[in-house]
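So for the sequence shown, the working numbering puts the first residue at 71; every next one is plus one.
Each residue gets a CB set at the ideal place from its N, CA and C atoms; glycine is no exception.
In this text, all values refer to a predicted model and were calculated from it rather than measured experimentally.
Okay, so here's the structure we're looking at.
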Amino acid sequence: MWAASLTVFFAIIEIVYGFISGSLMIIGDGVHMSSDAISLTLSLIATIVASKVATSNRTFGFKRFEPIAAFINGLTLVIIPLYIIYEAFSRMVNPVEIMEKQMLVVGIIGLLINALVGYILSKGNHNINMRSAMLHVFADMITSLSAVIVALAILFFDFIWLDPIGSIVTSFIIIRGGIAITKEAFNILMEGTPNGYSVDAIRKTIKSITPILTVEDVKIWCVNEDEVYTMIRVHAPIETTRGIHVMIKEKVSLATNIPLEHIYVDVN
Numbered sequence: 071m072w073a074a075s076l077t078v079f080f081a082i083i084e085i086v087y088g089f090i091s092g093s094l095m096i097i098g099d100g101v102h103m104s105s106d107a108i109s110l111t112l113s114l115i116a117t118i119v120a121s122k123v124a125t126s127n128r129t130f131g132f133k134r135f136e137p138i139a140a141f142i143n144g145l146t147l148v149i150i151p152l153y154i155i156y157e158a159f160s161r162m163v164n165p166v167e168i169m170e171k172q173m174l175v176v177g178i179i180g181l182l183i184n185a186l187v188g189y190i191l192s193k194g195n196h197n198i199n200m201r202s203a204m205l206h207v208f209a210d211m212i213t214s215l216s217a218v219i220v221a222l223a224i225l226f227f228d229f230i231w232l233d234p235i236g237s238i239v240t241s242f243i244i245i246r247g248g249i250a251i252t253k254e255a256f257n258i259l260m261e262g263t264p265n266g267y268s269v270d271a272i273r274k275t276i277k278s279i280t281p282i283l284t285v286e287d288v289k290i291w292c293v294n295e296d297e298v299y300t301m302i303r304v305h306a307p308i309e310t311t312r313g314i315h316v317m318i319k320e321k322v323s324l325a326t327n328i329p330l331e332h333i334y335v336d337v338n
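Set out below in structure tokens:
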């Protein structure tokens, strides 16, 4: 809540002064900070909703709301910089006057505000939901730092062309991070195999128990980064089925660190 409030306050200041100074980088930073405020609010809502207990209609609880929030935040980190790139090319064709002193002051204050917001968020959980919010703040830190550098270059060397160029460079950096967080969140939402886990590794673990077991299917998914589940279906001779469930679960849990209660085994 503190981080979101600080971000909203300074986003308004940056956008206003961006138009006054004529700096696209300051306007871009203000827009990014506005999206930060939205993403921070969304992340806060996701954290609150995810803490709700499971119900008969939501048997896994509400923890998947966090990767949903991260996915939305990741998309904004791709869409907004694309708009800034479009504006940057427009500025190259039709340059505008830039008030570099105002740009420098606002850029420095923005850098300090983003550093404070980043420090506040660093004290929280580092799951994908929080990392998506942190990435927004980090993107703004890059933009603010670039604005300071560009303002100094214009002030001392009259390099006005650095403003749109700097916007394009920082936008590509932000887009790269946005794509990464979006892909990670999308993998969770699509119930893909979580990072660090392997279907083949689980198959080998099961086969190491006894070679007469036939592994018919292995599925691994997660509700969020912290809750990983696996469902295993094996075929075994009748004389080996007694106690094989427990043995498979213990072996797989030991090899993967997936809790025993999150491992489901079907032996036929």
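Where DSSP assigns a beta bridge to residue i, which residues make up the other side?
{"i": "residue 305", "result": "284"}
Between residue i and residue j, which are expected to be in contact by the criterion C-beta below 8 Å, what is the C-beta distance as a whole number of angstroms?
{"i": "residue 113", "j": "residue 139", "result": "6 Å"}
{"i": "residue 295", "j": "residue 179", "result": "Residue 295 to residue 179, Cβ: 34 Å. No contact."}
{"i": "residue 137", "j": "residue 249", "result": "That belief does not hold up - the Cβ atoms of residue 137 and residue 249 are roughly 16 Å apart, past 8 Å."}
{"i": "residue 100", "j": "residue 88", "result": "5 Å"}
{"i": "residue 318", "j": "residue 335", "result": "5 Å"}
{"i": "residue 220", "j": "residue 210", "result": "Wrong, their Cβ atoms sit about 15 Å apart, outside the cutoff."}
{"i": "residue 190", "j": "residue 271", "result": "Rounded, the Cβ-Cβ distance is 39 Å, inconsistent with contact."}
{"i": "residue 206", "j": "residue 143", "result": "6 Å"}
{"i": "residue 269", "j": "residue 288", "result": "5 Å"}
{"i": "residue 217", "j": "residue 162", "result": "The Cβ separation is near 17 Å, so there is no contact."}
{"i": "residue 109", "j": "residue 203", "result": "5 Å"}
{"i": "residue 75", "j": "residue 154", "result": "Actually they do not touch by this definition, with Cβ atoms about 24 Å apart."}
{"i": "residue 243", "j": "residue 212", "result": "6 Å"}
Reducing DSSP to helix, strand and coil, say where residue i ends up.
{"i": "residue 300", "result": "strand"}
{"i": "residue 154", "result": "helix"}
{"i": "residue 183", "result": "helix"}
{"i": "residue 289", "result": "strand"}
{"i": "residue 333", "result": "strand"}
{"i": "residue 124", "result": "coil"}
{"i": "residue 178", "result": "helix"}
{"i": "residue 169", "result": "coil"}
{"i": "residue 326", "result": "helix"}
{"i": "residue 164", "result": "coil"}
{"i": "residue 197", "result": "coil"}
{"i": "residue 71", "result": "coil"}
{"i": "residue 129", "result": "coil"}
{"i": "residue 143", "result": "helix"}
{"i": "residue 295", "result": "coil"}
{"i": "residue 188", "result": "helix"}
Under a CB-based cut-off of 8 Å, is residue i close to chain C?
{"i": "residue 105", "result": "Among the protein chains of the structure shown there is no chain C, as only one such chain exists."}
Let me know if residue i comes out buried or exposed under the rule of 16 or more other beta-carbons within 10 Å of its beta-carbon.
{"i": "residue 252", "result": "buried"}
{"i": "residue 103", "result": "buried"}
{"i": "residue 184", "result": "buried"}
{"i": "residue 228", "result": "exposed"}
{"i": "residue 132", "result": "buried"}
{"i": "residue 141", "result": "buried"}
{"i": "residue 282", "result": "exposed"}
{"i": "residue 208", "result": "buried"}
{"i": "residue 298", "result": "buried"}
{"i": "residue 182", "result": "exposed"}
{"i": "residue 134", "result": "buried"}
{"i": "residue 201", "result": "buried"}
{"i": "residue 329", "result": "exposed"}
{"i": "residue 214", "result": "buried"}
{"i": "residue 290", "result": "buried"}
{"i": "residue 280", "result": "exposed"}
{"i": "residue 31", "result": "As displayed, the chain neither begins before 71 nor continues past 338, which places residue 31 out of reach and without an answer."}
{"i": "residue 166", "result": "exposed"}
{"i": "residue 84", "result": "buried"}
{"i": "residue 324", "result": "exposed"}
{"i": "residue 313", "result": "exposed"}
In the stretch 217 to 281, which residue ranges form an unbroken alpha helix (DSSP H) of at least 4 residues, counting only runs that do not cross its ends? 232 to 259, 269 to 277
Report the residue ranges of all alpha helix (DSSP H) runs contained in full by the stretch 81 to 120; include only those spanning at least 4 residues, in chain order. 94 to 120
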